[in-house]
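Protein chains: 2
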Amino acid sequence: MSVPIHPDVPASSCSGTLEPLKVACASCNLRELCLPVGLNAADLQRLDGLVEKRRSVPRGDHLFRNGDRFEALYAVRTGFFKTCVGSEDGRDQVTGFQMAGELLGLDGISSDQHHCDAVALEDSSVCVIQYRDLEELSREFTVLQHQFHKIMSREIVRDHGVMLLLGNMRAEERLAAFLLNLTQRLQARGFSSSSLVLRMTREEIGSYLGLKLETVSRTFSKFQEDGVLDVKQRQITVLDPQALQRLVSNAAG
Amino acid sequence: MSVPIHPDVPASSCSGTLEPLKVACASCNLRELCLPVGLNAADLQRLDGLVEKRRSVPRGDHLFRNGDRFEALYAVRTGFFKTCVGSEDGRDQVTGFQMAGELLGLDGISSDQHHCDAVALEDSSVCVIQYRDLEELSREFTVLQHQFHKIMSREIVRDHGVMLLLGNMRAEERLAAFLLNLTQRLQARGFSSSSLVLRMTREEIGSYLGLKLETVSRTFSKFQEDGVLDVKQRQITVLDPQALQRLVSNAAG
DNA sequence: CGTGCGTTTGATTCTTCTCAACGTCCGTGG
DNA sequence: CCACGGACGTTGAGAAGAATCAAACGCACG
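Protein chains in written order, with the working numbering: chain A, 1 to 253; chain B, 1 to 253.
Next comes the structure, spelled out in structure tokens:
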């Protein structure tokens, strides 16, 4: 998404679809952001049994689709995804953007099939975690059980935040909140908090924020006029983060 | 919410705040809607140890507040709740309405404190489930573990549906979707699917749907003019459920 | 019987959507 | 190497939807 400060994240090492290669969680530099948060070295070794393989997903490909049988969760290792749910008439709503260390597929547990599409927005790779295995291991492994529950709960809290955004905020406030959220997550991954390259189109941003693509474009232009952002297509530089923060804090005020 | 067809649900039997009384899940007629879904009689006995007490919550009272330490989940036994998250400036967003058999408090797991307010919209009672106990029991009790994961996942899927509603639908479509969802849930609990009494104000409906209360009121009036609903204050009769269904299916079309 | 909250309805304003045209970037093939 | 095409992005003008402001009504409760 920007200039990596943690250069040891493999940028793109795979080209096939399935890799039986084991990748040790203990040596993965995403361990502080991913499922293993809070696990010590001994715990991490036990966790490694969970991740049986990696899968690489080229840009534009689906990791899974609405209706697919649910079997596994996916931890993003490299790359960037969107998830979207479709309405009966064909239009859809982007429900989230996922980056390294974030978990995909939690929606599938509810009825053994996925309820959204997950699409790679750039060439990506994920760790495949068989859900049965996770259930089994978390039964005898308290820390993992709790961590998994936390991740699901965090997703619920995040969704509630999006509802607040969609229900109460105006276009400028929504885009400001979106950009602040992105930069914070990038920063947690060692990237610059002021410079980012958007991996999604204006339409995808609009779908996520409940806006039309023209409104997203106009709002970017306004932020540029106001000196809050520098916008060169998808290359965004945040010039005045506090202005964005003010917009979010004063939302619906 | 309407005429009960399952009259053995205790209507309102408690007045104190805490009741050490045990209520057997096995004999609770909500067991098909609540945490015990899919458990057999033997399983149910083991589950009973979980629910240590009931708590009654008078109309208007908080079950928990944003920031409260998280310790327990709550299964609605009787009554009706809303949950809402607050923005930094004081305005808030209703994130859901919960009725008998539904679980409250899942948001708290993520960081050991609640991230929303839960308020009773009528005199209510809940079963208190200590989260530590649930964690422990679900470790040795596969069916419960899976059922709990399903409930969390279902909440995530529900939230995504609300995002779709807030992001893509117009006022009429939102209210139609809201009413259909309510009547379906009431029907599952043995109430009439065409007649209901709203427990929440126009403002609370509006907050949930991302609309102002005047817009909610106007939309109710329009549905009445169109012969889709009969609206007498909070007493709603659905005259043409298919018209509501059409609005939802054609959403954003 | 009055008071107050919740609701309805109307007039107006504001934001965002819609429709349309044009511009830019980038990969492809001549 | 350049021309072309297509996807993506920007900008403008007008329309539609919902918000806002304001007033009056009804019902429940004390």
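Where a beta carbon is used, it is the ideal one built from N, C-alpha and C, also for glycine. Computed from a prediction, not measured in an experiment: that's the story for all the values here.
Measure from the alpha carbon of B:Cys127 to the alpha carbon of each residue in B:Gly79, B:Ile205, B:Gly90, then state which is nearest.
B:Gly79
Taking only three categories from DSSP, how would you classify B:Val248?
helix
Taking 7 angstroms as the cut-off, decide whether the C-beta atoms of B:Ala118 and B:Thr95 are in contact.
no
Please state the DSSP three-state secondary structure of A:Lys212.
coil
Got a sec, what are the start and stop residues for the beta strand (DSSP E) B:His114 sits in?
Looking at the DSSP string, B:His114 is not in any beta strand (DSSP E), and its letter there is neither H nor E.
Since B:Gln145 is in the alpha helix (DSSP H), which residue starts that stretch and which ends it?
142-168
On a Cα-Cα basis, can you pick out the residue from B:Ser87, B:Glu140, B:Phe141, B:Leu211 that is closest to A:Asp161?
A small correction: the amino acid at residue 161 of chain A is Gly; Asp does not occupy that position in the sequence shown. Of B:Ser87, B:Glu140, B:Phe141, B:Leu211, the residue nearest in Cα terms is B:Ser87.
Indicate whether at least one CB of chain A lies closer than 7 angstroms to the CB of B:Ser195.
no
From this set, A:Ser138, A:Leu213, A:Lys222, which residue's C-alpha is nearest A:Leu35's C-alpha?
A:Ser138
Skipping 5 residues on each side, what residues in its chain have a beta carbon closer than 6 angstroms to that of B:Thr70?
Here residue 70 of chain B is Phe; the residue named in the question, Thr, does not match the sequence. If we look at B:Phe70 and ignore the five residues flanking it on each side, its Cβ neighbours are Gly108, Asp112, Gln113, His114.
If we count Cβ pairs, one from each stretch, closer than 8 angstroms, do we get three or more for the stretch 183-196 of chain A versus the stretch 132-152 of chain A?
no
Just to make sure I have the definition right: I need the residues of chain A whose C-beta is within less than 9 angstroms of the C-beta of B:Gly210. Which are they?
What B:Gly210 touches in chain A: Met163, Leu166, Gly167, Asn168, Gly210.
Below 7 angstroms on C-beta distance, what does B:Glu88 contact in chain A?
Ser249
DSSP on B:Ser13, reduced to helix/strand/coil?
Note that B:Ser13 scores a pLDDT of 38, beneath 50, so its modelled location is shaky; the value from the coordinates is reported in the next line. Here B:Ser13 sits in coil by DSSP.
What's the gap between the Cα of A:Glu203 and the Cα of A:Asp92?
11 angstroms
Once you ignore the five residues that flank A:Ser125 on each side, which residues in its own chain have a CB closer than 6 angstroms to its CB?
Cys14, Arg54, Ser56, Arg77, Thr78
Taking B:Met152 as the query, report the chain A residues whose CB atoms sit under 9 angstroms from its CB, ordered along the chain.
Leu106, Ile109, Ser110, His149, Met152, Ser153, Glu155, Ile156
With DSSP run on the structure shown, which of helix, strand or coil describes A:Leu121?
strand
Which value, in whole angstroms, describes the spacing of the CA atoms of A:Val85 and A:Arg158?
16 angstroms
B:Gln145 touches chain A at which residues, Cβ-Cβ below 9 angstroms?
Glu135, Ser138, Arg139, Gln145
Would the stretch 170-182 of chain B count as touching the stretch 33-49 of chain B if we require 3 or more Cβ pairs under 8 angstroms?
The stretch 170-182 of chain B vs the stretch 33-49 of chain B: no contact.
In three-state DSSP terms, what is B:Phe191?
In the structure shown, B:Phe191 sits in coil (DSSP, three-state: anything other than H, G, I, E or B).
Have a look at A:Ala243 and A:Val228 and give me their C-alpha separation to the nearest angstrom.
In a straight line, the C-alpha of A:Ala243 is about 7 angstroms away from that of A:Val228.
Alpha carbon to alpha carbon, how far is A:Ser193 from B:Phe223?
49 angstroms
Do you know how far the Cα of B:Ala24 is from the Cα of A:Leu33?
Spanning the two alpha carbons is a distance of roughly 41 angstroms.
Can B:Val197 and B:Gln233 be called in contact, C-beta distance under 7 angstroms?
no
What does A:Lys82 pair with, by DSSP beta-bridge criteria?
A:Phe97, A:Val119
Could you check the C-alpha separation between B:Ile151 and A:Ser110 for me, to the nearest Å?
Rounded to whole angstroms, B:Ile151 to A:Ser110 spans 7 angstroms at the Cα level.
Looking at the strands, I want to know which residues DSSP matches up with B:Ile129.
B:Val51, B:Leu73
So, using beta-carbon positions, are B:Leu209 and B:Arg174 closer together than 7 angstroms?
yes
Assign A:Gly101 to buried or exposed, taking buried as 16 or more other Cβ atoms, counted over all protein chains shown, within 10 Å of its Cβ.
Around the beta-carbon of A:Gly101, 16 or more other beta-carbon atoms lie within 10 Å, marking it buried.
Can you give me the start and stop residues for the beta strand (DSSP E) that A:Asp230 sits inside?
229-232
What does B:Val260 touch in chain A if you count any residue whose Cβ is under 9 angstroms from its own?
No answer is possible for residue 260 of chain B: it lies beyond the span of chain B, which begins at 1 and ends at 253.
Should B:Gln242 be flagged as near chain A, meaning a C-beta pair shorter than 7 angstroms?
no
Chain A partners of B:Cys116, CB-CB under 8 angstroms?
His160
How about A:Leu63 and A:Ile129: do their beta carbons lie closer than 7 angstroms?
no
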